[in-house]
Amino acid sequence: TFFHHINLQYSTISEFCTGEACQTMAVCNTQYYWYDERGKKVKCTAPQYVDFVMSSVQKLVTDEDVFPTKYGREFPSSFESLVRKICRHLFHVLAHIYWAHFKETLALELHGHLNTLYVHFILFAREFNLLDPKETAIMDDLTEVLCSGAGGVHSGGSGDGAGSGGPGAQNHVKER
1 TFFHHINLQY
11 STISEFCTGE
21 ACQTMAVCNT
31 QYYWYDERGK
41 KVKCTAPQYV
51 DFVMSSVQKL
61 VTDEDVFPTK
71 YGREFPSSFE
81 SLVRKICRHL
91 FHVLAHIYWA
101 HFKETLALEL
111 HGHLNTLYVH
121 FILFAREFNL
131 LDPKETAIMD
141 DLTEVLCSGA
151 GGVHSGGSGD
161 GAGSGGPGAQ
171 NHVKER
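First residue of the sequence shown: 1, per full-length UniProt numbering; consecutive thereafter.
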């Protein structure tokens, strides 16, 4: 579900995330690289990186050998590491949306949805230890603001700050 929701959220700003506007997959001063099937590091634009992520995750989540849907089928021994890898890549996409496209998200009045998705994703990842804190440190300020009042974050998405982390959460991100 996170895959589908993050893919949908990205699709709302994808027309702004172009090879010209986002020449690298970057969040703040951190640049992310894609690693191909052979483990070779590939520098790519943000839209290319997101496409690689979404294609890779789609392939994994629909693979019966990775995510079995039939009764009695075993999960692979690598299941946990695959889920962590998926979460890491999806986190990169969310972080990029915040750092590079939050202005567009605000203009589209979708920031409440983005904030709620982010909090849900982060809390789930924390609960099951799916993301390395070093990986998510780049977004710690936002995470602290949005998750500190978790009750408010879950109470709706009117888009006026109530239910999306409060006005402080929006201002915090706007300043970036």
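Note that CB positions come from ideal geometry on N, CA and C, so glycine has one too.
Please read these numbers as outputs of a predicted model, since none were measured by experiment.
What do you reckon, are the CB atoms on residue i and residue j nearer than 9 Å?
i: Phe91; j: Ala125; result: yes
i: Cys17; j: His101; result: yes
i: His113; j: Gln23; result: no
i: Met54; j: Phe2; result: no
i: Thr12; j: Leu110; result: yes
i: Phe79; j: Val66; result: yes
Could you check what DSSP says for residue i in three-state terms: helix, strand or coil?
i: Val66; result: coil
i: Ala21; result: coil
i: Gln170; result: Summary for Gln170: the model assigns pLDDT 43, below 50, so the residue's position carries little reliability; its value from the coordinates is reported in the next sentence. Three-state DSSP puts Gln170 in a helix.
i: Thr116; result: helix
i: Thr143; result: helix
Could you pull out every residue in the same chain whose Cβ sits closer than 7 Å to the Cβ of residue i, ignoring the five residues on either side in sequence?
i: Arg84; result: Leu130
i: His5; result: Leu117
i: Lys41; result: Tyr33, Tyr35
i: Ile97; result: Gln9, Tyr10, Ile13, Thr105, Leu114
Who are the Cβ neighbours of residue i in its own chain at under 6 Å, not counting the five residues just before and after it?
i: Phe52; result: Trp34
i: Phe121; result: Phe2
Using only alpha-carbon positions, find the residue among the options that is nearest to residue i.
i: Cys44; options: Met54, His111, Val57, Ala26; result: Ala26
i: Asn29; options: Ala95, Leu114, Glu104, Pro133; result: Ala95
i: Val93; options: Ser56, Tyr49, Thr12, Glu37; result: Tyr49
i: Trp99; options: Glu15, Ser81, Ala46; result: Ala46
i: Ser56; options: Asn115, Glu37, Leu106; result: Glu37
i: Ile138; options: Glu20, Tyr32, Ser14; result: Tyr32
i: Asn115; options: Arg73, Gly39, Thr143; result: Thr143
i: Ala21; options: Phe128, Glu104, Glu135, Cys87; result: Glu104
i: Glu135; options: Cys87, Thr69, Leu82; result: Cys87
i: Leu82; options: Lys59, Gly19, Asp140; result: Lys59
For residue i, collect the residues of the same chain with a Cβ closer than 8 Å to its Cβ; drop the 5 residues on either side in sequence, then sort them by chain order.
i: Leu108; result: Thr12, Ile13
How about residue i: is its Cβ closer than 8 Å to a heavy atom in the ligand MN?
i: Lys59; result: Only the bare structure without any ligand can be found here, which leaves the ligand MN out of the picture.
Check your understanding: Which runs of the alpha helix (DSSP H) fall wholly inside the region 32-64 and span at least 4 residues, in chain order?
Key -> Correct list: 46-61.
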